[in-house]
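Take a look at the structure set out below.
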Amino acid sequence: MWRKLTILLAAVLVLTACSTPQPPQPESSVRTTVLKLGFNQGESHPQYQALTKLAADLKQQTSGRYDIKIYATEKLGSQSEVLKSVSSGTVDLMMVSGPLLEQYNPDFVVYDLPYIFDSPEAQKEVLGDADVNRKLYESLTASHNICVLAGFYAGTRNFYTVNKAITLPQDLAGLKIRVQEADSQAKIIELLGGVPVKLGAGQTYEALNTGSIDGAENNEGFFHELSHDTLAKNFSYTRHAMIPDYLVMSTKVLNAMSSNDRQTLLDLVAKARAESDNAMSEYLEKAKKDAEAAGATFREVNQAAFKEKLASFTQTEAEKNGETKKLSAAVQEANRKYPGD
Ligand code: GCU
Numbered sequence: 272m273w274r275k276l277t278i279l280l281a282a283v284l285v286l287t288a289c290s291t292p293q294p295p296q297p298e299s300s301v302r303t304t305v306l307k308l309g310f311n312q313g314e315s316h317p318q319y320q321a322l323t324k325l326a327a328d329l330k331q332q333t334s335g336r337y338d339i340k341i342y343a344t345e346k347l348g349s350q351s352e353v354l355k356s357v358s359s360g361t362v363d364l365m366m367v368s369g370p371l372l373e374q375y376n377p378d379f380v381v382y383d384l385p386y387i388f389d390s391p392e393a394q395k396e397v398l399g400d401a402d403v404n405r406k407l408y409e410s411l412t413a414s415h416n417i418c419v420l421a422g423f424y425a426g427t428r429n430f431y432t433v434n435k436a437i438t439l440p441q442d443l444a445g446l447k448i449r450v451q452e453a454d455s456q457a458k459i460i461e462l463l464g465g466v467p468v469k470l471g472a473g474q475t476y477e478a479l480n481t482g483s484i485d486g487a488e489n490n491e492g493f494f495h496e497l498s499h500d501t502l503a504k505n506f507s508y509t510r511h512a513m514i515p516d517y518l519v520m521s522t523k524v525l526n527a528m529s530s531n532d533r534q535t536l537l538d539l540v541a542k543a544r545a546e547s548d549n550a551m552s553e554y555l556e557k558a559k560k561d562a563e564a565a566g567a568t569f570r571e572v573n574q575a576a577f578k579e580k581l582a583s584f585t586q587t588e589a590e591k592n593g594e595t596k597k598l599s600a601a602v603q604e605a606n607r608k609y610p611g612d
């Protein structure tokens, strides 16, 4: 019940936060506005499934005034390219991983930091708190035409490598590891002794294939769906980060909606978030089984050794300013409530 209320409240509050109410359009002028949504993963991903449902519900609930066309598997470009398109107004919506937003507002780093969340439940609690996130989620509205509608759970991040299996930080010494295009992610690899290589998701397979990288880091779904498991068969559960994906939207497009349609969209976003988050564990487990069947090996490792190397980075970044302190205090509170295993 409380969760439901929080989700609803979040939608209502985000509405107040990112938008300027518009009067409803007269029924006679109904024309379908088809919003373009960029998605970089495949159609079996829970986010894709939840967003597909959202699109159908939006069309139905706005009596055809709005529809969403989802372009999966990087059809509109890599996340960093599509983010620019949302900002410039040529794409309306996208699902983007947290580190990509750090270039516009470095405070986004808090939720991307190593070992900041103790459990998926703690993360879901924090991401569902509209009061905590309002300033962060609104921070790109005026400067970049980007409004964050919601944060989604995207599993934990772990190393996988072509040759040497990673069991301790020193195993990463000198290894070239693909990271997302953000300095915080490169720093994590450097602190562990590896060599970060910033690449878009879609460039990673080729880089593994040609040997220009030795490994990457991600969840089981990305590992299997992008066929990285056919090239880098050693998957090590470092669980060094739990980075959210955000559904972001062009502020101008959001503001052009009538307040009723906008509220409909935001309610559906809250629903999509819950659906996707609930379906993630099963999706990741299936990906793990499929990868194992394809010959990959999954290893539990001593996370404490990795955590020790990364602890001071997490602490420094989390305490960088008043806003990061506030976000990280909310994480700590949620961690106490949902400590995990
Ligand atoms: C995760 C995340 C994606 C992101 C990817 C990456 O899988 O869900 O949004 O693109 O990591 O590392 O690029």
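Per the working numbering, the very first residue in the sequence shown carries number 272; after that it's consecutive. Note that beta-carbon positions come from the ideal geometry of N, C-alpha and C, so glycine has one too.
Check: Quick one: what does DSSP say residue 302 is sitting in, helix, strand or coil?
Finding: coil
Checklist line | Beta-bridge partners of residue 447, as assigned by DSSP | finding: 466
Next item on the list: Could you give the DSSP three-state label for residue 346: helix, strand or coil?
Entry: coil
Note to self: Strictly closer than 6 Å from CB to any heavy atom of the ligand GCU: give me those residues in the order they appear in the chain.
What the structure shows: 311, 350, 368, 425, 451, 472, 489, 490, 493 and 516
Next item on the list: Verify whether the separation of the beta carbon atoms of residue 354 and residue 341 is less than 8 Å.
Entry: no
Item checked: Host alpha helix (DSSP H) of residue 508 (start-end) -> It is not in any alpha helix (DSSP H) - residue 508 instead sits in the beta strand (DSSP E) that spans 505-512.
Notebook entry, point to check: Beta-carbon separation of residue 576 and residue 439 under 8 Å?
Noted result: yes
Next item on the list: Could you tell me whether the region 516-525 touches the region 360-376, where touching means 3 or more Cβ pairs closer than 8 Å?
Entry: yes
Next item on the list: From the DSSP output, in three-state form, read off residue 434 for me.
Entry: coil
Note to self: Please state whether the Cβ-Cβ distance between residue 598 and residue 407 is less than 8 Å.
What the structure shows: yes
Item checked: Spatial distance of residue 543 from residue 325 (CA atoms) -> 6 Å
Note to self: Using 8 Å as the threshold, is the C-beta distance between residue 385 and residue 512 below it?
What the structure shows: yes
Next item on the list: Could you work out which residue in 383, 591, 424 and 474 is closest to residue 448 when comparing CA atoms only?
Entry: 474
Margin query: Quick check on this structure: which residue in 437, 532 and 471 has the alpha carbon closest to the alpha carbon of residue 453?
Written below: 471
Item checked: Beta-carbon proximity check, residue 366 vs residue 320, cutoff 8 Å -> no
Notebook entry, point to check: Distance, Cα to Cα, residue 592 vs residue 338?
Noted result: 40 Å
Margin query: Out of 308, 388 and 316, which one is the CA nearest neighbour of residue 601?
Written below: 388
Margin query: For residue 301, count the other beta carbons within 10 Å of its own beta carbon; 16 or more makes it buried, fewer makes it exposed. Which is it?
Written below: exposed
Item checked: Residue closest to residue 423, alpha-carbon to alpha-carbon, out of 445, 382, 415 and 479 -> 382
Margin query: So within the region 495-558, which uninterrupted beta strand (DSSP E) runs reach at least 3 residues, ignoring any that extend past its ends?
Written below: 505-512 and 516-521
Notebook entry, point to check: Between the region 490-506 and the region 554-566, do at least 3 Cβ pairs fall closer than 8 Å?
Noted result: yes
Margin query: Could you pull the DSSP bridge partners for residue 569 from this structure?
Written below: 506
Next item on the list: Report all residues from its chain with a CB closer than 6 Å to the CB of residue 391; omit the five preceding and five following residues, and keep chain order.
Entry: 424
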